[in-house]
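The numbering used here numbers the first residue of the sequence shown as 1 and each following residue consecutively. For reference, the structure is listed below as structure tokens.
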Amino acid sequence: MLNASPITLKDSDYRRLLAAIEHHDGTMADALDEELARAETVADDEFPPGIVSMHSRVTFEDIDTGSDTTVTLVYPQEANVAEMRISVLTPVGSALIGLATGGEIEWPLPSGGARRLRVKAVDAPAAD
């Protein structure tokens with residue numbers, strides 16, 4: 001990712017994401033590992049609203065095109081593109097995790113170049 005500012009994660013998400021990285025390899029697992037390295041963790045019951053966590057419904061803007069997209073951020077085994085459930089191991093998934101509403105990040109495109117994203121809204125996941 002092309003953003004060095006810290007991100008905020010729930011303790012439980014952080015632990016589960018670390019475990020997920022151990023079971024996946026490749027570029028996307030490495031990218032998520034880089035994101036986790038800059039994470040500040042917060043107890044689940046103290047996690048502030050408006051920050052992207054696992055199972056959040058997120059609306060983000062592609063700053064370059066002005067288009068909005070709404071997705072739910074999920075673990076790899078829960079992904080379903082037709083339902084707009086994107087894996088945290090995708091480029092956009094690892095870019096969004098831990099960002100606050102209004103936060104921006106650039107993420108590299110496989111074909112070269114980068115996209116700039118801005119988080120517009122975050123709906124917290126339902127309580128477990």
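Backbone N, C-alpha and C fix where the C-beta goes; we use that ideal spot for every residue, glycine too.
*What are the boundary residues of the beta strand (DSSP E) that L9 is part of?*
7-10
_DSSP state of T27 mapped onto helix, strand, coil_ = helix
*What is the DSSP secondary structure of R16, counted as helix, strand or coil?*
helix
*How long is the line joining the alpha carbons of T90 and E46, rounded to whole angstroms?*
27 Å
*When burial is assigned at 16 or more other CB atoms within 10 Å of the CB, is S56 buried or exposed?*
buried
*For the putative contact between S12 and P125, defined by C-beta atoms under 8 Å, what is the C-beta separation to the nearest angstrom?*
Going by Cβ atoms, the distance from S12 to P125 rounds to 11 Å, so no, they are not a contact pair.
*Straight-line CA distance for G93 to L36?*
13 Å
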